[in-house]
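2 protein chains.
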Amino acid sequence: MIEFNNKIYTCPIDVMLGLIGGKWKLLILSHIFRYTIRGYSQIRDNLPGISEKMLSQQLKELERDDLIHKEIISEKPLRVEYSLTAQGMSLSDLYTFASTWGIAYLKRNGIDYVKDQNLYK
Amino acid sequence: MIEFNNKIYTCPIDVMLGLIGGKWKLLILSHIFRYTIRGYSQIRDNLPGISEKMLSQQLKELERDDLIHKEIISEKPLRVEYSLTAQGMSLSDLYTFASTWGIAYLKRNGIDYVKDQNLYK
DNA sequence: TAAATACCTTACTAAAAAGTAGGCTATAGC
DNA sequence: GCTATAGCCTACTTTTTAGTAAGGTATTTA
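Here it is as structure tokens:
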């Protein structure tokens, strides 16, 4: 058992899950990782099913936990850019592994994601 | 979007999360990975906080999804052994990465897990 | 000036995940 | 025979997580 930030964790993996667990965080992080820098609507539009409430909530938590960096660009069309912090980047092996594994799993189950991804989205 | 087993997934990572997402599955898998073969009570006792209902439920789902193998040993003291299937083992990089990352994260935050783990449990 | 888009927030509700409590079989040890 | 341990299951409740709907500001385009 590990006590950290007033919470109790079973082991280091549990600690990691506390940061990136849940339905959306890993998806958001790996999306930003893939595109390096993303705006709010770009993330939203690439995660079909996420509500704006969920998105801004998760983004806020990821920023609080120093996994992503939020930058407000005060140019003509005011916008926001999200990117990974060093800590967010330190999970890059996870993003690529998870994606590769998922693709291989789908293939084992008869779905060729790489070939058919034009069909989805 | 990917349609698979009557469910809709955003991307391959989402598919993976469908299999090992949630509060306990990754912890159970990585525990079995660490010890190769584990009995029911051994897993339970190493995951403080898990209820027996949760444990047997998650074990059943992991078995259904072909991530773990359950073997009933019919020796004198009847018991059960859980081990990883080939598919469960194909996630081994994830278990080690998650554990290593969690330990490093804790260290960045002032907790030396490797040194202090005798304190926890 | 109306409509559209980016980027959110808040209040409320629903669904999913997890927890509690109890029970049950089988074997073993005293 | 009584208690203990392994290995579960079921019904019920609570908590957590996520979803819906509706604002709201600022700026852009038509």
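Protein chains in written order, with my numbering: chain X, 1 to 121; chain S, 1 to 121.
Every residue gets a Cβ at the ideal spot worked out from N, C-alpha and C, and that includes glycine.
Keep in mind the model is a prediction, meaning the values are calculated, not measured.
Legend entry - Beta carbon of LEU84(X) nearer than 9 Å to that of HIS69(X): Walking along the first sequence from the start, residue 84(X) turns up at place 84. Walking along the first sequence from the start, residue 69(X) turns up at place 69. In contact: LEU84(X) and HIS69(X) (Cβ atoms closer than 9 Å).
Legend entry - Validate contact between the region 98-114 of chain X and the region 3-13 of chain X using beta carbons, cut 8 Å, 3 pairs: Output reads no: the region 3-13 of chain X does not touch the region 98-114 of chain X.
Legend entry - Proximal residues of chain S, C-beta to C-beta of ASP45(X) below 9 Å: Counted from its first residue, the first sequence places residue 45(X) at position 45. For a Cβ distance threshold of 9 Å, nothing in chain S lies close to ASP45(X): the least Cβ distance comes to about 12 Å.
Inset, instruction - Evaluate contact between the region 11-21 of chain S and the region 50-60 of chain S, counting only Cβ atoms and requiring at least three cross-stretch pairs below 8 Å. - result: As far as the Cβ criterion goes, the region 11-21 of chain S does not touch the region 50-60 of chain S, which means the pair count is below three.
Legend entry - Three-way DSSP call (helix, strand, coil) for LEU84(S) in this model: For this step, residue 84(S) is matched to residue 84 along the second sequence. In the three-state reduction of the DSSP assignment, LEU84(S) falls in the strand class.
Inset, instruction - Determine whether the Cβ of LYS7(S) lies closer than 9 Å to any Cβ atom of chain X. - result: For the purposes of this step, residue 7(S) is identified with residue 7 of the second sequence, where counting begins at 1. It does not; no Cβ of chain X falls within 9 Å.
Inset, instruction - Please state whether DSSP places ILE2(X) in a helix, a strand or coil. - result: The sequence position of residue 2(X) within the first sequence is 2, counting from 1. Correct three-state label for ILE2(X): strand.
Inset, instruction - Measure the C-alpha to C-alpha separation of ILE20(X) and GLY102(X) and round it to an integer number of angstroms. - result: Counted from its first residue, the first sequence places residue 20(X) at position 20. Counted from its first residue, the first sequence places residue 102(X) at position 102. Between ILE20(X) and GLY102(X), the C-alpha separation is close to 18 Å.
Inset, instruction - Reducing DSSP to helix, strand and coil, say where LYS53(S) ends up. - result: The count along the second sequence starts at 1 and reaches residue 53(S) at position 53. If DSSP states are grouped into helix, strand and coil, LYS53(S) belongs with the helices.
Legend entry - Of the listed residues LEU27(X), LYS25(X), TYR105(X), LYS115(X), nearest to LEU67(S) (C-alpha basis): Within the second sequence, the letter at position 67 stands for residue 67(S). In this structure, TYR105(X) is the residue among LEU27(X), LYS25(X), TYR105(X), LYS115(X) with its C-alpha nearest to the C-alpha of LEU67(S).
Legend entry - DSSP beta-bridge partners of GLU71(S): Against the second sequence, residue 71(S) aligns to sequence position 71. By DSSP's assignment, GLU71(S) forms a beta bridge with GLU81(S).
Inset, instruction - Going by DSSP, name the residue or residues bridged to ARG38(X). - result: Against the first sequence, residue 38(X) aligns to sequence position 38. In DSSP, ARG38(X) forms a bridge with TYR82(X).
Inset, instruction - Rounded to whole angstroms, what's the CA-CA distance from ASP45(X) to LYS25(X)? Just pull it up for me. - result: For the purposes of this step, residue 45(X) is taken as the residue at position 45 of the first sequence. For the purposes of this step, residue 25(X) is taken as the residue at position 25 of the first sequence. If I take the Cα positions, the gap works out to 15 Å.
Inset, instruction - Kindly indicate which three-state DSSP category ILE43(X) falls into: helix, strand or coil? - result: In the first sequence, counting from the first residue as 1, residue 43(X) sits at position 43. Helix at ILE43(X).
Legend entry - Partner residues on chain X for LEU91(S), Cβ-Cβ distance less than 8 Å: Along the second sequence, one-based indexing puts residue 91(S) at 91. Here the neighbours are TRP101.
Inset, instruction - Go ahead and pull the three-state DSSP assignment for ILE111(S). - result: As a position in the second sequence, residue 111(S) is number 111, starting the count at 1. In the three-state scheme derived from DSSP, where H, G and I count as helix and E and B as strand, ILE111(S) is classed as coil.
Legend entry - Alpha carbon of THR10(S) to alpha carbon of GLY18(X), nearest angstrom: For the purposes of this step, residue 10(S) is identified with residue 10 of the second sequence, where counting begins at 1. For the purposes of this step, residue 18(X) is identified with residue 18 of the first sequence, where counting begins at 1. Spanning the two alpha carbons is a distance of roughly 22 Å.
Legend entry - Under 9 Å between C-beta atoms of GLU61(X) and GLU71(X): Taking the first sequence and counting its residues from 1, one reaches residue 61(X) at position 61. Taking the first sequence and counting its residues from 1, one reaches residue 71(X) at position 71. If you check the CB distance, GLU61(X) and GLU71(X) do not come in under 9 Å.
Inset, instruction - Express the C-alpha separation of THR36(S) and LEU122(X) in angstroms, rounding to a whole number. - result: Since the first residue of chain X shown is 1 and the last is 121, residue 122(X) is not available in this structure.
Inset, instruction - Show which residues of chain S have a CB atom less than 9 Å away from the CB atom of LEU27(X). - result: In the first sequence, counting from the first residue as 1, residue 27(X) sits at position 27. The answer, in chain order, is THR10, CYS11, ILE13, ASP14, LEU17.
Legend entry - Per DSSP, cross-strand counterpart(s) of TYR9(S): On the second sequence, residue 9(S) is found 9 positions in, with the first residue counted as 1. The partner list for TYR9(S) (beta bridge, DSSP) reads ILE2(S).
Inset, instruction - Decide if GLN58(X) is buried, meaning its Cβ has at least 16 other Cβ atoms within 10 Å, or exposed. - result: Walking along the first sequence from the start, residue 58(X) turns up at place 58. Its Cβ being crowded by 16 or more others within 10 Å, GLN58(X) is buried.
Legend entry - From GLN87(X), LYS107(X), GLN42(X), SER74(X), residue whose alpha carbon lies closest to that of ILE63(X): The count along the first sequence starts at 1 and reaches residue 63(X) at position 63. Reading off the sequence shown, one finds Glu at residue 63(X), where the question assumed Ile. Comparing alpha carbon positions, the residue from GLN87(X), LYS107(X), GLN42(X), SER74(X) closest to GLU63(X) is GLN87(X).
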